[in-house]
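Position 318 (the sequence shown) corresponds to 318 in full-length UniProt numbering; numbering is contiguous.
Quick reminder that beta carbons are idealized off the backbone N, C-alpha and C, glycines included.
Note sheet for the following structure.
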Amino acid sequence: MVVSSGLQSNKVCCSPHRVVLSHCPSRRLVCGRAAERRTRATSDAAVSAANGSRVPEARGPKFTKFSNRVGVEEFIDPLHIGGVMKARFIDWEVREVGMDGRVARMPEDETPEWWGASEPAEKESVGTESREANAYHCGNDGVDQTELYRRAYEDGYLLGDNAAEFVRGKCGAGALENIVKFSNFTQKATKESGSTDHRRRLFEWKFDGGVEAMAAAYKIRGAIAGLLRESLAVVPLKLLSDKVIYYAAVNAERNQFLLSCMDQWEAARVLYFFGAGYSSGTLLVHLGRSKASSEGRQLISKLRREFSSYFPDVRVDVHERETESSGAVVELSWSRKYSPVGLYKGSRWKFVLVKAGWDTTAIQRAIERRLDLPKDTMHFAGVKDKFGVTYQFATLPVTHSERQLREAVDSVNARMRSRDMFVKVSGFEREYVEGSTTELRHGMLSGNFFRLRVRDVEEGSAEKLRASKLAETGFINYYGLQRFGINPHHDESRHSNVDIGAALVSGDYERAARLILTPAASEGRDVAEVLREWQVTGDSSVAVGELQMIRSRDRDVEMWSRMMSAIATQPSTDGYRRSLRTGVPRSILQIHFLAYQSCLWNRMASRRIRECGLEVVPGDVVRCKEKEDITVVDSSRERYSIDDVLVPTWGSQLEDRDKLLKLGINTRHVYAELLRDSVSRGEASDSILKGDLDLDFSRSLGVRARLPSIPRRLVAKPQALKCWEEVEEEKRNLILEFFLPRGCYAMMLLREIMEEGYAPC
């Protein structure tokens with residue numbers, strides 16, 4: 001496949017929209033001996049399973065089938081050495097390399113020579129401050145500003161009749177005018193057509209990002225919320241480096257839920273409590289019905305069942321106080337300490353986290369819970385494999401001492417059922433940059449060093465690898481199977497993240513929700529039986545009741561419970577959409593979006609290799625080193641190599657900023673045939689073919705997530721590649737050490753050397 005930019009040339013070797021369904025006859029097929037070796041290796045691995053911690057076999061026909069599903073189809077120079085990968089956790093060692101070149105390590109680790117090209121001679125000391133354990137005093141002494149910002153919000157909300165003048169003085173007459181317009185519009189719309197959702201951008205307010213400015217921003221937010229009290233509106237805000245953007249939003253469904261349980265005055269108090277953010281205090285809410293009555297019992301049951309789907313992290317308890325006049329009283333309280341905004345731009349601990357048998361998100365949630373921190377407070381630069389020993393950098397707010405962080409990790413380890421699953425932390429440094437944030441963000445790494453072991457290979461495999469062109473030519477830069485939620489435990493009955501992502505992107509919310517709520521056939525927990533029964537009967541009310549009886553802090557169980565509550569409340573298309581919006585964390589939705597986008601890219605990359613091999617042809621997008629920019633190849637193919645070729649991902653393109661659009665490349669046109677293919681596969685619905693498809697999901701799913709089109713290298717090259725053989729228990733293993741830039745998958749390199757396949761024409 002060549003990405004067409006609209007440039008006409010009779011030298012293009014293939015049509016940019018032609019899918020080749022058969023392989024070129026000149027390709028060489030590997031002999032059956034490699035497959036026999038792999039089968040034997042798998043059998044031997046199973047026999048010796050007791051010899052150390054093992055993970056399920058990750059090679060063979062089953063994984064080839066999964067690979068083909070997500071577009072991983074072609075090879076550059078397959079060596080077909082066979083062998084077994086990821087037989088044990090220690091066979092897969094990954095060390096993250098930070099943007100400064102530092103390699104994640106424990107204090108006792110030696111520094112191999114092959115790290116030398118990356119690591120600086122001395123550790124950077126600017127902006128970091130090493131501390132002894134417990135040297136830092138914890139508390140609200142400038143580290144966590146949650147209480148300060150909450151008080152500021154309350155001060156603004158309680159301004160009453162003075163709120164309008166306060167907003168006018170702080171933000172201008174135009175800001176106040178927009179607030180009044182929104183209030184009048186929503187109240188009129190409610191009277192004329194009933195409750196509907198409304199969201200509007202109100203205005204921007206410039207600020208410098210300091211603590212005092214942030215408190216002022218929250219006082220303004222509280223004042224706006226007070227002015228919109230009658231509309232039962234909330235006031236979301238977006239914090240940027242130099243300004244705050246205020247919005248007003250009415251969630252009709254949430255308001256209807258509140259008004260079905262209480263009067264409007266109490267509903268406004270609930271929104272005030274939630275909008276102000278975390279508090280150690282509680283809120284008593286009067287329901288107006290006796291808890292002893294049938295109606296009162298049903299109401300309390302409804303609140304307990306559904307409240308968390310509208311108000312995450314807020315608990316509902318029945319208060320003992322009740323009078324004949326007031327009726328039942330429930331008590332609202334926060335289920336966590338601290339708040340994301342209170343920790344905004346605060347100091348951070350930066351440290352090294354080592355784990356085995358854990359996926360990154362699971363260990364993140366486990367540590368956050370033990371520290372009573374909000375979700376997504378612990379940050380990483382990248383997601384690491386579950387089936388291996390991985391070293392990576394992480395950041396956490398300095399609300400806790402180093403000793404407390406270690407104790408939290410120890411408590412996580414104490415709950416492990418297997419001694420081979422573990423997590424360790426070390427190398428704590430306190431980081432603070434005035435007026436900026438020191439938390440890690442996704443992509444803030446230069447790459448990863450790998451040390452991998454392929455078991456049960458034939459003698460001479462290392463020499464065969466050294467004689468190959470892998471280091472010189474590289475491998476196809478496919479997204480790996482872990483990108484799609486496919487791992488060694490995956491069974492064929494389980495959907496992949498691609499199916500969910502395709503349904504989400506094309507607006508088929510019911511299918512997306514049902515796929516998320518479908519357990520694997522091998523899943524044996526009680527919650528799986530509840531979900532399977534629901535898939536058959538469709539009775540979500542029964543499922544909600546049974547899920548509530550299952551006591552578990554497992555993140556999947558919590559997510560499924562929230563989703564099912566939303567579906568039971570509104571068993572319609574909107575209900576399924578709300579189950580995704582309120583039940584599925586933003587990070588999980590993003591994983592599904594990216595999985596589908598990555599699958600399309602893999603299929604496009606396979607088509608490009610299949611049709612044009614390793615030649616640079618007119619129409620290719622390439623990185624121009626002289627201009628440090630991207631361009632489209634015309635007839636000057638000799639200036640570029642396959643290393644320079646980029647394949648854009650499918651996604652949204654902003655007309656005023658997108659470089660590909662300026663080159664005449666519209667990715668929706670480029671991917672049109674693959675999108676039709678995706679529909680024919682049953683992944684996406686026909687709506688994905690619409691020209692006006694919205695890839696900004698803030699309106700439909702309430703998450704700040706979009707799928708931008710980004711050029712990705714077609715071929716990746718390993719750096720500092722070394723290999724040798726070892727003999728263990730009369731079997732020969734191949735050891736590989738190498739570095740890959742961020743975004744490249746080591747399993748795709750191993751696929752190139754282990755599996756049978758075809759070389760390009």
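ask   = Are the stretch 720-727 and the stretch 453-473 touching by the rule of at least three beta carbon pairs closer than 8 Å?
value = yes
ask   = Can you tell me whether G480 is buried or exposed, with buried defined as 16 or more other CB within 10 angstroms of its CB?
value = Looking up residue 480 in the sequence shown gives position 480. Buried, since its Cβ has 16 or more Cβ neighbours within 10 Å.
query = Among A252, L202, E212, which residue has its Cα nearest to the Cα of K191?
reply = Here residue 191 refers to the residue found at position 191 when the sequence shown is read from its first residue. Checked all of A252, L202, E212; the closest Cα to K191 is A252.
query = Which term fits A121, buried or exposed, when burial requires 16 or more other beta carbons within 10 angstroms of its beta carbon?
reply = As a working mapping, residue 121 is identified with position 121 in the sequence shown. For A121, the pLDDT reaches just 46, beneath the cut-off of 50, and the residue's location in the model is therefore unreliable, although a value from the coordinates is still provided. It counts as exposed.
key: Residue nearest to V393 in terms of C-alpha spacing, selected from S641, S541, G427   = Along the sequence shown, read from residue 1 onward, the residue named residue 393 stands at position 393. Residue 393 is actually Phe in this sequence, not Val. Ranking the options by Cα distance to F393, first place goes to G427.
message = With H, G and I counted as helix, E and B as strand and the rest as coil, what does DSSP make of G474?
response = Within the sequence shown, the letter at position 474 stands for residue 474. It is coil, neither helix nor strand.
key: Rounded straight-line distance, which links the Cα of S606 to that of L750   = One-based indexing of the sequence shown puts residue 750 at position 750. One-based indexing of the sequence shown puts residue 606 at position 606. Their Cα atoms are separated by approximately 17 Å.
key: Opening and closing residue of the beta strand (DSSP E) in which L734 lies   = Position 734 of the sequence shown, counting from 1, holds the residue named residue 734. Taken as a continuous stretch (DSSP letters only), the beta strand (DSSP E) holding L734 covers 731-741.
message = Tell me the DSSP secondary structure of G32 in three-state form.
response = Counted from its first residue, the sequence shown places residue 32 at position 32. With a pLDDT of 34 at G32, under the threshold of 50, the modelled position of this residue cannot be trusted; read the value that follows with caution. In the structure shown, G32 sits in a helix (DSSP, three-state: H, G or I).
ask   = Closest by CA to R706, which one among H669, L148, F449, G501?
value = In the sequence shown, the residue the question calls residue 706 occupies position 706. Of H669, L148, F449, G501, the residue nearest in Cα terms is G501.
task = Write down every uninterrupted run of the alpha helix (DSSP H) in the stretch 204-271 whose length is 4 residues or greater and which is fully enclosed by it, in chain order.
result = 211-227, 252-259
inquiry  = Among the candidates R430, S446, G447, whose CA atom is the shortest distance from the CA of E439?
reply    = For this step, residue 439 is matched to residue 439 along the sequence shown. The candidate whose alpha carbon is nearest that of E439 is R430.
query = Roughly how far, in whole angstroms, is the beta-carbon of L232 from the beta-carbon of V250, given that I think they are within contact range, below 8 Å?
reply = The count along the sequence shown starts at 1 and reaches residue 232 at position 232. The count along the sequence shown starts at 1 and reaches residue 250 at position 250. At roughly 7 Å, the Cβ-Cβ gap stays under 8 Å, so L232 and V250 are in contact.
message = Please identify the residue among S652, L589, N448, V70 whose C-alpha is closest to the C-alpha of E737.
response = The residue labelled residue 737 in the question sits at position 737 within the sequence shown. Comparing Cα-Cα distances from E737 to each of S652, L589, N448, V70, the minimum goes to N448.
query = Just how far apart, CA to CA, sit D141 and R511?
reply = The count along the sequence shown starts at 1 and reaches residue 141 at position 141. The count along the sequence shown starts at 1 and reaches residue 511 at position 511. Reliability fails at D141, whose pLDDT of 38 lies under 50, so the model's placement of it is uncertain and the value that follows must be treated cautiously. Taking the straight line from one Cα to the other gives about 48 Å.
request  = Output the boundary residues of the beta strand (DSSP E) element that contains Y391.
outcome  = Here residue 391 refers to the residue found at position 391 when the sequence shown is read from its first residue. Here the beta strand (DSSP E) through Y391 covers 389-397.
Cβ distance (whole Å) where Y247 is taken to contact Y149 below 8 Å = Taking the first residue of the sequence shown as position 1, residue 247 is located at position 247. Taking the first residue of the sequence shown as position 1, residue 149 is located at position 149. Incorrect: roughly 18 Å between the Cβ atoms, too far for contact.
message = Is the beta carbon of A276 closer than 8 Å to that of R229?
response = In the sequence shown, counting from the first residue as 1, residue 229 sits at position 229. In the sequence shown, counting from the first residue as 1, residue 276 sits at position 276. Not closer than 8 Å, so no.
ask   = Which residues does DSSP pair with M563 in a beta bridge?
value = By one-based count along the sequence shown, residue 563 stands at place 563. Looking at the DSSP assignment, M563 forms no beta bridge with any residue, so it has no partner.
query = Do Y576 and Y509 come within 8 Å of each other at the CB atom, strictly closer than that value?
reply = Within the sequence shown, numbered from 1, the residue matching residue 509 stands at position 509. Within the sequence shown, numbered from 1, the residue matching residue 576 stands at position 576. Yes, the Cβ-Cβ distance between Y509 and Y576 is below 8 Å.
key: For I588 and S309, the rounded distance between their alpha carbons   = Stepping through the sequence shown from its first residue, residue 309 is reached at position 309. Stepping through the sequence shown from its first residue, residue 588 is reached at position 588. Roughly 16 Å separates the two Cα atoms.
message = Could you compute how far the alpha carbon of V354 sits from the alpha carbon of S680?
response = As a working mapping, residue 354 is identified with position 354 in the sequence shown. As a working mapping, residue 680 is identified with position 680 in the sequence shown. Spanning the two alpha carbons is a distance of roughly 43 Å.
query = With DSSP run on the structure shown, which of helix, strand or coil describes T631?
reply = If you number the sequence shown from 1, residue 631 lands on position 631. In this structure, T631 counts as strand in the three-state DSSP scheme.
key: Which residues DSSP lists as bridging D317, in chain order   = By 1-based counting over the sequence shown, the position of residue 317 is 317. Answer is E331, bridged to D317.
query = Rounded to the nearest angstrom, how far is the Cβ of C171 from that of W115, given a contact under 8 Å?
reply = Numbered from its first residue, the sequence shown carries residue 171 at position 171. Numbered from its first residue, the sequence shown carries residue 115 at position 115. C171 to W115, Cβ: 53 Å. No contact.
query = Roughly how many angstroms separate the alpha carbons of G210 and A216, rounded to a whole number?
reply = Sequence index remark: in the sequence shown, residue 210 carries index 210 (1-based). Sequence index remark: in the sequence shown, residue 216 carries index 216 (1-based). G210 and A216: Cα-Cα distance of roughly 10 Å.
L646: first and last residue of the uninterrupted alpha helix (DSSP H) it sits in = Counting from 1 along the sequence shown, the entry for residue 646 is found at position 646. Element bounds for L646: not the alpha helix (DSSP H) but the beta strand (DSSP E), 645-648.
Candidates P78, T377, R305, R69: closest to G474 by CA position = For this step, residue 474 is matched to residue 474 along the sequence shown. Answer by Cα proximity: P78.
inquiry  = When you compare the CB positions of H319 and E331, do they come within less than 8 Å of one another, or not?
reply    = Counted from its first residue, the sequence shown places residue 319 at position 319. Counted from its first residue, the sequence shown places residue 331 at position 331. Result yes, Cβ atoms of H319 and E331 sit closer than 8 Å.
inquiry  = For a test of the three-state rule: what should DSSP assign to C171, helix, strand or coil?
reply    = Here residue 171 refers to the residue found at position 171 of the sequence shown. Here C171 sits in helix by DSSP.
request  = Measure the C-alpha to C-alpha separation of V584 and S496 and round it to an integer number of angstroms.
outcome  = Start at 1 with the first residue of the sequence shown, and residue 584 comes out as number 584. Start at 1 with the first residue of the sequence shown, and residue 496 comes out as number 496. Whole-angstrom Cα-Cα distance: 16 Å.
key: Contact set for D263: own chain, Cβ-Cβ below 7 Å, skip 5 residues either direction   = For the purposes of this step, residue 263 is taken as residue 263 along the sequence shown, with counting starting at 1. Around D263: G288.
query = How many Å lie between L517 and M604 at the Cα?
reply = On the sequence shown, position 517 is the one that residue 517 refers to. On the sequence shown, position 604 is the one that residue 604 refers to. Rounded to the nearest angstrom, the two C-alpha atoms are 30 Å apart.
query = Which residue comes first and which comes last in the beta strand (DSSP E) that contains residue 765?
reply = The shown model of the chain, from 1 to 761, leaves out residue 765, and the question about it has no answer.
task = Find out if the Cβ-Cβ distance for the pair W349, L405 is shorter than 8 Å.
result = Counted from its first residue, the sequence shown places residue 349 at position 349. Counted from its first residue, the sequence shown places residue 405 at position 405. Taking 8 Å as the Cβ cut-off, W349 and L405 qualify as a contacting pair.
message = Which residue wins for smallest C-alpha separation from E558, given the options D629, R365, K627, V383?
response = Mapped onto the sequence shown, residue 558 falls at position 558. Of D629, R365, K627, V383, the residue nearest in Cα terms is R365.
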